[in-house]
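If you're matching positions, the sequence shown starts at 40 in the working numbering and goes up one per residue. Cβ atoms here follow ideal geometry from the backbone N, Cα and C, with glycine treated the same way.
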Amino acid sequence: MSESKKRGAVIGCDAENCAYNCHGSSCSAGSIRVDGKSAHTTGETSCSTFKPREAKF
């Protein structure tokens with residue numbers, strides 16, 4: 040039996056302090072939710088999936 044994997048679209052991410060941000064440019068979350076129903080620009084949206092990255096000491 041073989042198993043196939045589906046790959047999702049690459050989603051850009053500018054939130055460098057998000058735990059799901061990979062290499063500072065893309066989101067690695069399995070799914071995302073973006074709020075801003077009446078938004079006209081990306082600045083009027085927010086990612087509800089955002090999870091703060093734990094600080095490294």
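- For a cut-off of 8 angstroms, the C-beta gap from residue 64 to residue 50 is around 10 angstroms, too long to register as a contact.
- Counting the other Cβ atoms within 10 Å of the Cβ of residue 52 gives 16 or more, which makes it buried.
- Excluding residues up to 5 positions away in sequence, 56, 57, 58 lie with their Cβ nearer than 7 angstroms to the Cβ of residue 92 in the same chain.
- Judged by DSSP in its simplified three-state form, residue 51 adopts strand.
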